[in-house]
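Peer 1:
2 protein chains.
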Amino acid sequence: MDNPLTRKLQTYVRLTGADTDRLADALGPARRIGARIDIVAEGDDPRAVNVVLDGWAGRYKQFADGRRQIVSLLLPGDTCDPNIFLLERMDHAIIALTPVTLAQISGRTMQDLRSRSETLEEAFHREMLAVAAIQREWTVSLGRRSALERLAHLLCELHLRQATIGLADGPSCPMPLTQPDLADALGQTSVHINRTLQDLRRAGLVALRSRRLTLLDPDRLWSLAQFDPTYLHHTRDHAGAGVRPREADPAAARPAVRL
Amino acid sequence: MDNPLTRKLQTYVRLTGADTDRLADALGPARRIGARIDIVAEGDDPRAVNVVLDGWAGRYKQFADGRRQIVSLLLPGDTCDPNIFLLERMDHAIIALTPVTLAQISGRTMQDLRSRSETLEEAFHREMLAVAAIQREWTVSLGRRSALERLAHLLCELHLRQATIGLADGPSCPMPLTQPDLADALGQTSVHINRTLQDLRRAGLVALRSRRLTLLDPDRLWSLAQFDPTYLHHTRDHAGAGVRPREADPAAARPAVRL
DNA sequence: CGTTCGCTTGATACCGCTCAAACTGCGTGG
DNA sequence: CCACGCAGTTTGAGCGGTATCAAGCGAACG
Numbered sequence: 000m001d002n003p004l005t006r007k008l009q010t011y012v013r014l015t016g017a018d019t020d021r022l023a024d025a026l027g028p029a030r031r032i033g034a035r036i037d038i039v040a041e042g043d044d045p046r047a048v049n050v051v052l053d054g055w056a057g058r059y060k061q062f063a064d065g066r067r068q069i070v071s072l073l074l075p076g077d078t079c080d081p082n083i084f085l086l087e088r089m090d091h092a093i094i095a096l097t098p099v100t101l102a103q104i105s106g107r108t109m110q111d112l113r114s115r116s117e118t119l120e121e122a123f124h125r126e127m128l129a130v131a132a133i134q135r136e137w138t139v140s141l142g143r144r145s146a147l148e149r150l151a152h153l154l155c156e157l158h159l160r161q162a163t164i165g166l167a168d169g170p171s172c173p174m175p176l177t178q179p180d181l182a183d184a185l186g187q188t189s190v191h192i193n194r195t196l197q198d199l200r201r202a203g204l205v206a207l208r209s210r211r212l213t214l215l216d217p218d219r220l221w222s223l224a225q226f227d228p229t230y231l232h233h234t235r236d237h238a239g240a241g242v243r244p245r246e247a248d249p250a251a252a253r254p255a256v257r258l
Numbered sequence: 000m001d002n003p004l005t006r007k008l009q010t011y012v013r014l015t016g017a018d019t020d021r022l023a024d025a026l027g028p029a030r031r032i033g034a035r036i037d038i039v040a041e042g043d044d045p046r047a048v049n050v051v052l053d054g055w056a057g058r059y060k061q062f063a064d065g066r067r068q069i070v071s072l073l074l075p076g077d078t079c080d081p082n083i084f085l086l087e088r089m090d091h092a093i094i095a096l097t098p099v100t101l102a103q104i105s106g107r108t109m110q111d112l113r114s115r116s117e118t119l120e121e122a123f124h125r126e127m128l129a130v131a132a133i134q135r136e137w138t139v140s141l142g143r144r145s146a147l148e149r150l151a152h153l154l155c156e157l158h159l160r161q162a163t164i165g166l167a168d169g170p171s172c173p174m175p176l177t178q179p180d181l182a183d184a185l186g187q188t189s190v191h192i193n194r195t196l197q198d199l200r201r202a203g204l205v206a207l208r209s210r211r212l213t214l215l216d217p218d219r220l221w222s223l224a225q226f227d228p229t230y231l232h233h234t235r236d237h238a239g240a241g242v243r244p245r246e247a248d249p250a251a252a253r254p255a256v257r258l
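Residue numbers (numbering that gives the first Met the number 0), protein chains in the order written: chain A, 0 to 258; chain B, 0 to 258.
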């Protein structure tokens, strides 16, 4: 059975037919959630592992005064932590950013899966490492990248993550986030996102309209963002057609693009 | 045997004597590293799990133009990911911020440890969840907190993390980071850190000198930082003397402190 | 058909950065 | 013992990137 979760895990390890079967069996019935609805609320007791089968979701924290930060994005094939059920209390909420299709795997089933298959165990571990690496990269973006680099980097990440699981069409892929969503993810205001996006468009680097992103000049965009895809730790090459992997040069030698 | 790693894991689960013995045996010989030296470089193949026994280290990424972001801090008892040895290539570097004492656990030994003890397995999983939660909180800080809130929040975190493993003396604890270090962790300049720190001092919230931090008014500091310690996911209460856990009120109801 | 949400643009304000320099404490070597 | 250097801290002046506030427009939607 083909689903985004198995496609994702296949990028880390080579799963056997038995593995993918077990995985497919483990997934509970699909659940449909409307856009802008909380999938999990802060303070909830997380009983099971949610897997995104379709649509985009986001983890976020919100302050009393309304400030909100999206701390990570969940794309098809992503899970809210494989171990989340160990916790008593969610320290953040998860919202459906588009209509989302979810499946659940109970904590018990999850533990079975991993104890029955070394390969699956390793796949989930690698997945957690990749998720941690993405989170670190966001930290770098928020801490040290300019508005332009920050937006460029996120667009590179989102394109590559989708290419990896077969959701990109060459240099183009879905990008359903609104500008307010991007603002909450990048720690800025939607007004500024709008202006930065126009800079990227004027520079001929990206096209973004009707919820679809196209990387018009992937090399220059990657360079501007200082995007180094190795942090995603995929062992098999899934970079979408139209985006060549960056040649292996000492990253330090390449000057940043200016607009 | 008593070491910071077992003290740390004890905050998540109750370890048996056999567990702590196995853990102590697993730790390789202590290695001493001078301040400002890279423990692990970007691009390295991580062969073993490093455990910090003493001193502070930091993960960081650096750009060609010199910009640097510290993405997380490793305090005594912290490990560079329990699963890091699965990866082929470090996507970031780790530097000793003070002189550091390290021990290593080989990947093989680590897997043994976890397969032999359910409790240890769970402890390491919970540890990874806590680390992920800290990383998310940093993302929130960098994205949405003001300079003042950001610094206050980090100081709260560092105090509590040390209190948890018995390194705090009431409201006071080691704080060996220099202002340039703080700047690289908080995504700011050392000049601005300096000024923000002065604001915190003038407000009577903290004292910080000769590498030692004292929370002079923990309640107001926590409130200013909107510090909610539950994200650290310790199941046993280790908040240091002098810092009362925040009463359970709907967080939304509490207005932020102003200076 | 009205309302809401997202996108866009303009004017202005301010937080945090840059550049520069002086000061402090401390280790080191003459 | 003093001179020196160095790293970290502190202060000042000016600038710039991003936020804020405000308004208009179009498209989706109930």
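Every residue, glycine too, gets a C-beta built ideally from N, C-alpha and C.
Only a predicted model underlies this, so the values are computations on that prediction, with no experimental measurement involved.
Under 8 Å by Cβ, that's how I've got PRO75/B and ILE164/B pegged, so tell me the actual separation to the nearest angstrom.
Peer 2: For the purposes of this step, residue 75/B is taken as residue 76 along the second sequence, with counting starting at 1. For the purposes of this step, residue 164/B is taken as residue 165 along the second sequence, with counting starting at 1. With a beta-carbon spacing of about 6 Å, PRO75/B and ILE164/B fall inside the 8 Å limit used to define contacts.
Peer 1: Taking Cβ-Cβ distances below 9 Å as the criterion, which residues of the segment 130 to 150 of chain B are in contact with chain A?
Peer 2: VAL130, ALA131, ALA132, GLN134, ARG135, GLU136, TRP137, THR138, VAL139, SER140, LEU141, GLY142, ARG143 and ARG144
Peer 1: If you compare alpha carbons, which of LEU215/A, LEU166/A, LEU150/A and ARG135/A is closest to HIS191/A?
Peer 2: By 1-based counting over the first sequence, the position of residue 191/A is 192. HIS191/A has its Cα closest to that of LEU150/A, out of LEU215/A, LEU166/A, LEU150/A and ARG135/A.
Peer 1: Identify the contact partners of LYS7/A in chain B, using a Cβ-Cβ distance below 8 Å as the criterion.
Peer 2: In the first sequence, residue 7/A corresponds to position 8, counting from 1. The premise fails here: LYS7/A is roughly 16 Å from chain B at the closest Cβ pair, so nothing lies under 8 Å.
Peer 1: Using 8 Å as the limit for Cβ to Cβ distance, is GLU121/B near chain A?
Peer 2: As a working note, residue 121/B is residue 122 in the second sequence. Interface residue (Cβ-Cβ distance to chain A less than 8 Å): GLU121/B is classified as such.
Peer 1: Give the residues of chain B in contact with GLN225/A, contact being defined as C-beta atoms less than 7 Å apart.
Peer 2: Along the first sequence, one-based indexing puts residue 225/A at 226. PHE62, listed in chain order.
Peer 1: Compare the beta carbon distance of LEU199/A and PRO170/A with 8 Å and say whether it is the shorter of the two.
Peer 2: On the first sequence, residue 199/A is found 200 positions in, with the first residue counted as 1. On the first sequence, residue 170/A is found 171 positions in, with the first residue counted as 1. The answer is no: Cβ separation not under 8 Å.
Peer 1: Contact criterion: CB-CB distance below 8 Å. Does GLN68/B meet it with respect to chain A?
Peer 2: As a first step, residue 68/B must be located in the second sequence, where it is residue number 69. Interface residue, yes.
Peer 1: For the segment 181 to 211 of chain B, which residues have a CB atom closer than 7 Å to at least one CB atom of chain A, in sequence order?
Peer 2: GLY186
Peer 1: State yes or no: is the beta carbon of ARG13/A nearer than 8 Å to at least one beta carbon in chain B?
Peer 2: By 1-based counting over the first sequence, the position of residue 13/A is 14. No, ARG13/A does not count as interfacial toward chain B.
Peer 1: Which residues in the same chain as ARG102/A place their Cβ atom closer than 6 Å to its Cβ, once the five residues preceding and following it in sequence are excluded?
Peer 2: Against the first sequence, residue 102/A aligns to sequence position 103. Note on identity: in this sequence residue 102/A is Ala, with Arg being the wrong assignment. The residues are LEU26, GLY27, ALA29, VAL50 and LEU52.
Peer 1: Starting from the Cα of LEU159/B, find the closest Cα among THR195/B, LEU212/B and PRO179/B and give me that residue.
Peer 2: Counting from 1 along the second sequence, the entry for residue 159/B is found at position 160. Closest option to LEU159/B, Cα to Cα, is LEU212/B.
Peer 1: Going by alpha carbons, who is nearest to CYS79/A out of MET109/A, ALA63/A, GLY65/A and PHE62/A?
Peer 2: Start at 1 with the first residue of the first sequence, and residue 79/A comes out as number 80. The shortest C-alpha separation from CYS79/A is found at MET109/A.
Peer 1: Which residue's Cα is closest to the Cα of GLU87/B: ILE36/A, ALA167/A, HIS91/A and TYR11/A?
Peer 2: On the second sequence, residue 87/B is found 88 positions in, with the first residue counted as 1. Closest by alpha carbon: TYR11/A.
Peer 1: From ILE32/A, TYR59/A and ASP183/A, pick the residue whose C-alpha is nearest to that of GLY42/A; which is it?
Peer 2: For this step, residue 42/A is matched to residue 43 along the first sequence. It is TYR59/A.
Peer 1: Could you tell me the alpha carbon to alpha carbon distance between ALA275/A and ILE133/B, rounded to whole angstroms?
Peer 2: Missing from the structure shown is residue 275/A; chain A here goes from 0 to 258 and no further.
Peer 1: Cβ closer than 7 Å: which chain B residues qualify as neighbours of HIS232/A?
Peer 2: Walking along the first sequence from the start, residue 232/A turns up at place 233. Those within 7 Å of HIS232/A in chain B are LEU86.
Peer 1: Taking the beta carbon of THR15/B as the centre, do at least 16 other beta carbons fall within 10 Å, making it buried, or is it exposed?
Peer 2: Counted from its first residue, the second sequence places residue 15/B at position 16. Exposed, because fewer than 16 other Cβ atoms sit within 10 Å of the Cβ of THR15/B.
Peer 1: Is the distance from the Cβ of LEU96/B to the Cβ of THR138/A below 8 Å?
Peer 2: Residue 96/B sits at position 97 when you count from the first residue of the second sequence. Residue 138/A sits at position 139 when you count from the first residue of the first sequence. Their beta carbons are not under 8 Å apart, which means LEU96/B does not touch THR138/A by this criterion.
Peer 1: To the nearest angstrom, report how far apart ARG113/A and GLU120/A are at their CA atoms.
Peer 2: The residue labelled residue 113/A in the question sits at position 114 within the first sequence. The residue labelled residue 120/A in the question sits at position 121 within the first sequence. Answer to the nearest angstrom: the Cα atoms are 5 Å apart.
Peer 1: Measuring only from the beta carbon, is ALA202/A closer than 7 Å to any heavy atom that is part of the ligand NAP?
Peer 2: With respect to small molecules bound, the structure shown includes none, and the ligand NAP cannot be examined in it.
Peer 1: Among all the DSSP beta bridges, which residues are the ones paired with PRO282/A?
Peer 2: The question about residue 282/A has no answer here: the residues shown for chain A are numbered 0 through 258.
Peer 1: Once DSSP output is grouped into helix, strand and coil, what is the label at TYR11/A?
Peer 2: Here residue 11/A refers to the residue found at position 12 when the first sequence is read from its first residue. Of the three classes helix, strand and coil, the one that applies to TYR11/A here is coil, per DSSP.
Peer 1: Apart from the five residues just before and just after LEU185/A, which ones in its own chain have a Cβ nearer than 6 Å to its Cβ?
Peer 2: Within the first sequence, the letter at position 186 stands for residue 185/A. So the qualifying residues of the chain are ARG149.
Peer 1: With a 10 Å radius around its C-beta and 16 neighbouring C-beta atoms as the bar for buried, classify GLY65/A as buried or exposed.
Peer 2: Walking along the first sequence from the start, residue 65/A turns up at place 66. Label assigned to GLY65/A: exposed.
Peer 1: 8 Å is my cut-off, CB to CB: does MET109/B come that close to chain A?
Peer 2: The residue labelled residue 109/B in the question sits at position 110 within the second sequence. Judged by the 8 Å Cβ criterion, MET109/B is not in contact with chain A.
Peer 1: In whole angstroms, give me the CA-to-CA distance for ASP77/B and ALA56/B.
Peer 2: Here residue 77/B refers to the residue found at position 78 of the second sequence. Here residue 56/B refers to the residue found at position 57 of the second sequence. C-alpha separation (whole angstroms): 9 Å.
Peer 1: Can you tell me where the alpha helix (DSSP H) holding ALA132/A begins and where it ends?
Peer 2: Along the first sequence, one-based indexing puts residue 132/A at 133. Note, ALA132/A: alpha helix (DSSP H), 117 to 143.
Peer 1: In three-state terms, what does DSSP make of HIS237/A?
Peer 2: By one-based count along the first sequence, residue 237/A stands at place 238. Interpretation of HIS237/A is limited by its pLDDT of 49, a score under 50 that renders its predicted location unreliable; no figure is taken from the coordinates.
Peer 1: Are the beta-carbon atoms of VAL48/A and ILE94/A separated by less than 8 Å?
Peer 2: By 1-based counting over the first sequence, the position of residue 48/A is 49. By 1-based counting over the first sequence, the position of residue 94/A is 95. No.
Peer 1: Check the Cβ of THR229/A against every Cβ in chain B and list those closer than 8 Å, keeping chain order.
Peer 2: Here residue 229/A refers to the residue found at position 230 when the first sequence is read from its first residue. Ordered by position in chain B, the residues that pass the 8 Å Cβ test against THR229/A are ARG88 and ASP90.
Peer 1: With DSSP as the reference, please indicate the residues paired to ILE32/B in a beta bridge.
Peer 2: Within the second sequence, the letter at position 33 stands for residue 32/B. Its beta-bridge partners are VAL99/B.
Peer 1: Anything in chain A within Cβ reach of ASN49/B, meaning under 9 Å, just list it in chain order.
Peer 2: As a position in the second sequence, residue 49/B is number 50, starting the count at 1. None at all; the shortest Cβ gap to chain A is about 15 Å.
Peer 1: I need the straight-line Cα distance from LEU85/B to ALA206/B, nearest angstrom please.
Peer 2: Taking the first residue of the second sequence as 1, we reach residue 85/B at position 86. Taking the first residue of the second sequence as 1, we reach residue 206/B at position 207. So the alpha carbons of these two residues sit roughly 42 Å apart.
Peer 1: Taking C-alpha atoms, which residue in ASP90/A, ALA129/A, ASP37/A and ILE32/A lies nearest to ASP262/B?
Peer 2: It is not possible to answer for residue 262/B, since the shown part of chain B is limited to 0 through 258.
Peer 1: Please report the Cβ distance between LEU231/B and LEU204/B, rounded to the nearest whole angstrom; I am assuming they are in contact, meaning their Cβ atoms lie under 8 Å.
Peer 2: The residue you call residue 231/B lines up with position 232 of the second sequence. The residue you call residue 204/B lines up with position 205 of the second sequence. Between LEU204/B and LEU231/B the Cβ distance is about 21 Å, and since that is not below 8 Å, they are no contact.
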